[in-house]
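The sequence shown begins at 1 in the UniProt record's numbering and counts up by one. Okay, structure first, notes after.
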Amino acid sequence: MKEVNHTNKRVLESERLYLRAFTADDLDMYYPKLLNEEMRRLTGTHGLFTREGVARFIEESAADSSRIDLLIILKPEEQPIGEISLMDIDRINRNAHIRIAIFESANCGQGYGTEAMEIVLDYAFGNINLHRVELSVFSFNERAIRSYEKLGFRREGVQREVLYYDYEYHDAISMSILSHEFQQMRQLRKDLQRNQNSEQTRQIIDKRL
């Protein structure tokens, strides 16, 4: 991950993606994405958003020091494919909550979410100096759970039947990752990619998962 300046905006960048702050110009693109039924299901969203409310959110969140809200942009197409937020940033206890949403199902299953999460976690632990990041994911979102575990998140507990959606109750799984766990898992993945002791590294990752 590297931090660069893109069209006069501070962004976080990886090989395939860059993340940048929302601007008022994003409203026409962003508002319709919030109406996507599959994304609403995966995030457990019941309420409807108004265009005015979304515009207000973009403006107010930019001034809120307790959160960082970013668009996920696929390069070189410059295509916004999702959003990711680091919220409830507690600089005293050094923890925060993270959430991510990919706008269209066509962009799921390609590793973009995992890549964006790694960018933000690297920033959270390395630049903000956080110690712990947590999240909540619904039990039916198995692909997201696998992605989070691949990054090093560990399951901490279950909120039983906390969401009522599609005429069924669903559990929410609480997960978290500590700074040293993130660094450890990232190094293991790098070793695996370089084929250094690949079989041993796979076994270590398999035990963690």
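For each residue, glycine too, the CB sits at the ideal point set by N, CA and C. Everything numeric in this text was worked out from a predicted model, so none of it was measured.
> Which residues share a DSSP beta bridge with A21?
Replying inline: Counting from one through the sequence shown, the residue named residue 21 turns up at place 21. Here A21 is bridged, per DSSP, to L70.
> Among the residues of its own chain, which have a CB less than 6 angstroms from the CB of K190, if the five just before and after it don't count?
Replying inline: The residue labelled residue 190 in the question sits at position 190 within the sequence shown. Setting aside the 5 residues that flank it on each side, K190 has no residue in the same chain whose C-beta is closer than 6 angstroms to its C-beta.
> Taking C-beta to C-beta, are H97 and E156 nearer than 7 angstroms?
Replying inline: Sequence index remark: in the sequence shown, residue 97 carries index 97 (1-based). Sequence index remark: in the sequence shown, residue 156 carries index 156 (1-based). No. Outside cutoff.
> Do I34 and F22 have their C-beta atoms within less than 7 angstroms of each other?
Replying inline: Working through the sequence shown from its first residue, we reach residue 34 at position 34. Working through the sequence shown from its first residue, we reach residue 22 at position 22. Note that residue 34 is Leu in the sequence shown, not Ile. One thing to note: L34 has its Cβ no nearer than 7 angstroms to the Cβ of F22.
> At what residues does the beta strand (DSSP E) containing Y164 begin and finish?
Replying inline: As a working note, residue 164 is residue 164 in the sequence shown. That run of the beta strand (DSSP E) goes 154 to 165.
> CB I72 to CB L19, shorter than 7 angstroms?
Replying inline: To locate residue 72, count along the sequence shown from 1; it is residue 72. To locate residue 19, count along the sequence shown from 1; it is residue 19. In terms of Cβ geometry, I72 and L19 form a close pair [threshold 7 angstroms].
>> Suppose contacts are defined by Cβ-Cβ distances below 7 angstroms. Is residue 227 in contact with G47 by that definition?
In response: Residue coverage of the chain in this structure runs from 1 to 209, which leaves residue 227 outside it and unanswerable.
>> Among the candidates G126, V54, I145, whose CA atom is the shortest distance from the CA of D25?
In response: Walking along the sequence shown from the start, residue 25 turns up at place 25. The shortest C-alpha separation from D25 is found at V54.
>> So for I92, helix, strand or coil by DSSP?
In response: In the sequence shown, residue 92 corresponds to position 92, counting from 1. Assignment of I92 by DSSP, reduced to helix, strand and coil, places it in the coil class.
> Relative to the alpha-carbon of S61, which residue among L86, I100, G109, E77 has its alpha-carbon at the smallest distance?
Replying inline: Here residue 61 refers to the residue found at position 61 when the sequence shown is read from its first residue. Closest by alpha carbon: L86.
> Helix, strand or coil for I102 per DSSP?
Replying inline: Numbered from its first residue, the sequence shown carries residue 102 at position 102. Shown here, I102 sits in a strand according to DSSP, grouped into three states.
> In three-state DSSP terms, what is N5?
Replying inline: The residue you call residue 5 lines up with position 5 of the sequence shown. Because N5 sits at a pLDDT of 45, beneath the cut-off of 50, its placement in the model cannot be relied upon, and the following sentence gives the value as read from the coordinates. The answer is strand: DSSP assigns N5 an E or B state.
> Expressed to the nearest angstrom, what Euclidean distance is found between the alpha-carbon atoms of L12 and E83?
Replying inline: Within the sequence shown, numbered from 1, the residue matching residue 12 stands at position 12. Within the sequence shown, numbered from 1, the residue matching residue 83 stands at position 83. In this structure, the CA atom of L12 is about 13 angstroms from the CA atom of E83.
> What is the DSSP secondary structure of S65, reduced to helix, strand or coil?
Replying inline: For the purposes of this step, residue 65 is taken as the residue at position 65 of the sequence shown. Coil at S65, not helix or strand.
>> Based on DSSP bridge pairs, tell me the residues matched to Y169.
In response: Position 169 of the sequence shown, counting from 1, holds the residue named residue 169. According to DSSP, which records beta bridges pairwise, Y169 is partnered with Y164.
> Applying the criterion that 16 or more other CB atoms from any shown protein chain within 10 Å of the CB defines a buried residue, is Y112 buried or exposed?
Replying inline: On the sequence shown, residue 112 is found 112 positions in, with the first residue counted as 1. So Y112 ends up on the buried side.
> Got a sec, what are the start and stop residues for the beta strand (DSSP E) L135 sits in?
Replying inline: As a first step, residue 135 must be located in the sequence shown, where it is residue number 135. Segment 132 to 138, the beta strand (DSSP E) holding L135.
> Where do the N-terminal and C-terminal ends of the alpha helix (DSSP H) with Q193 fall, by residue?
Replying inline: What you label residue 193 is simply residue 193 of the sequence shown in a count that begins at 1. Element bounds for Q193: 179 to 193.
> Going by the beta-carbon positions, is the gap between I173 and V158 smaller than 7 angstroms?
Replying inline: Residue numbering aside, residue 173 sits at position 173 when the sequence shown is read from its first letter. Residue numbering aside, residue 158 sits at position 158 when the sequence shown is read from its first letter. Yes; because the gap between Cβ atoms is below 7 angstroms, this pair is in contact.
>> Here's the rule I'm using: 16 or more other beta-carbon atoms within 10 Å means buried, otherwise exposed. How should G152 be labelled?
In response: Looking up residue 152 in the sequence shown gives position 152. Buried, because 16 or more other Cβ atoms sit within 10 Å of the Cβ of G152.
> In the structure shown, what three-state DSSP assignment does L151 receive?
Replying inline: Position 151 of the sequence shown, counting from 1, holds the residue named residue 151. Assigned with DSSP and collapsed to three states, L151 falls in helix.
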